[in-house]
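**Student:** This is the structure I want to talk about, given as structure tokens.
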Amino acid sequence: MLTDTHTHLNAHQFDEDRHEVIQRAIENGISRIINVGFNRETIPSSIELAERYDFIYSTVGWHPTDAVDMQDGDLEWIESLCSHPKVVAIGEIGLDYYWDTSPKDVQDRVFREQVRLARKVGKPIVIHNRDAHQDIIRVLKEEKASEVGGVMHCFSGSWETAKQCLDMNFYISFGGPITYKNAKQPKEVLAQVPMDRLLVETDAPYLTPHPYRGKRNETGYVRLVAEAAAEIKGLDLEELASITTANAIKLFGIR
Numbered sequence: 025m026l027t028d029t030h031t032h033l034n035a036h037q038f039d040e041d042r043h044e045v046i047q048r049a050i051e052n053g054i055s056r057i058i059n060v061g062f063n064r065e066t067i068p069s070s071i072e073l074a075e076r077y078d079f080i081y082s083t084v085g086w087h088p089t090d091a092v093d094m095q096d097g098d099l100e101w102i103e104s105l106c107s108h109p110k111v112v113a114i115g116e117i118g119l120d121y122y123w124d125t126s127p128k129d130v131q132d133r134v135f136r137e138q139v140r141l142a143r144k145v146g147k148p149i150v151i152h153n154r155d156a157h158q159d160i161i162r163v164l165k166e167e168k169a170s171e172v173g174g175v176m177h178c179f180s181g182s183w184e185t186a187k188q189c190l191d192m193n194f195y196i197s198f199g200g201p202i203t204y205k206n207a208k209q210p211k212e213v214l215a216q217v218p219m220d221r222l223l224v225e226t227d228a229p230y231l232t233p234h235p236y237r238g239k240r241n242e243t244g245y246v247r248l249v250a251e252a253a254a255e256i257k258g259l260d261l262e263e264l265a266s267i268t269t270a271n272a273i274k275l276f277g278i279r
């Protein structure tokens with residue numbers, strides 16, 4: 025049974041057929057889903073989804089591209105939600121230097137505040153990192169993120185960066201890009217990540233795997249990601265699924 029460790033089933037792209045998408049995921053062997061709430065709009069709908077389905081869990085956090093919109097009281101609100109039985113992590117949080125929507129200093133402050141919160145409440149962290157590898161590592165080290173660990177969502181960095189993340193108690197998660205023919209670096213890094221630190225995800229509705237690239241992604245397609253990962257690791261799908269699901273259960277504290 026597979027676990028999609030990062031998806032956005034509450035996104036508007038699923039408004040017309042959300043339940044059907046979830047049913048297709050079940051039919052594809054997905055037994056657990058981590059849905060991500062990342063701003064004022066998506067956090068409540070993510071928790072609502074987790075309350076509706078017993079196999080769906082939620083994260084709560086503030087995305088770096090929305091950092092400029094974070095207001096007084098939002099951090100306290102996120103902290104209050106961490107006691108919810110279906111909230112399993114703080115995230116997705118981090119740095120994004122690709123989209124020019126929030127100043128870097130604001131992103132840095134919001135990121136650090138949430139790492140400190142994760143340490144306070146004892147929750148793992150879900151990291152968003154786009155074109156900010158060195159600064160992500162620096163902040164995680166300075167804020168002692170290794171105390172709670174977490175996951176590097178849809179990892180796109182080098183093996184050197186991955187090693188630093190592993191040393192800080194983080195798991196490495198891969199999505200649709202490992203199914204692309206030209207995705208040389210992610211495949212090389214995945215091949216080296218220890219099996220007890222490997223996770224798979226979709227990031228649906230984004231980053232759709234081959235052969236559906238260009239269309240809407242959905243959680244059931246994590247099976248395609250897992251098949252690609254299993255081939256790279258020289259395992260059968262069942263073994264890859266079992267190990268990565270056990271990793272997810274351990275990281276997120278899921279029963």
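Numbering (the working numbering), first residue to last: 25 to 279.
Cβ atoms here follow ideal geometry from the backbone N, Cα and C, with glycine treated the same way.
1) Identify whether residue 119 lies in helix, strand or coil by the three-state DSSP scheme.
2) Among the candidates 152, 122, 29 and 229, whose CA atom is the shortest distance from the CA of residue 82?
3) Measuring straight from C-alpha to C-alpha, what distance separates residue 96 and residue 131?
4) Cutting at 8 Å between CB atoms, please list the residues of its own chain near residue 216, excluding the five before and the five after it.
5) To the nearest angstrom, how far is the alpha carbon of residue 63 from that of residue 86?
6) May I have a chain-ordered list of the alpha helix (DSSP H) segments no shorter than 4 residues that lie completely inside the stretch 204-233?
7) My guess is that residue 227 and residue 31 are in contact by the Cβ rule of under 8 Å, so how many angstroms apart are they, rounded?
8) According to the Cβ coordinates, are residue 57 and residue 84 closer than 7 Å?
9) Where does residue 153 sit, in a helix, a strand or coil, going by DSSP?
10) So for residue 32, helix, strand or coil by DSSP?
11) When the Cα atoms are used, what is the spatial distance from residue 70 to residue 35?
12) Please list the terminal residues of the continuous beta strand (DSSP E) segment that includes residue 83.
13) If you check the beta carbons only, do residue 194 and residue 176 fall under 7 Å apart?
14) Buried or exposed: which applies to residue 47, given that a residue is buried once 16 or more other Cβ atoms fall within 10 Å of its Cβ?
15) Taking DSSP as the reference, what is the three-state secondary structure of residue 273?
16) Name the residue from 172, 171, 202 and 98 whose alpha carbon lies nearest to the alpha carbon of residue 181.
17) Taking DSSP as the reference, what is the three-state secondary structure of residue 181?
18) At which residues does the alpha helix (DSSP H) containing residue 69 begin and terminate?
19) Which of the three DSSP states, helix, strand or coil, is assigned to residue 195?
20) Which residue's Cα is closest to the Cα of residue 163: 261, 137 and 246?
21) Rounded to whole angstroms, how far is the Cβ of residue 37 from the Cβ of residue 240, which I believe are closer than 8 Å?
**Tutor:** So, from the data block:
1) strand
2) 29
3) 15 Å
4) 183 and 186
5) 5 Å
6) 208-216
7) 7 Å
8) no
9) strand
10) coil
11) 9 Å
12) 80-84
13) yes
14) exposed
15) helix
16) 202
17) coil
18) 66-76
19) strand
20) 137
21) 6 Å
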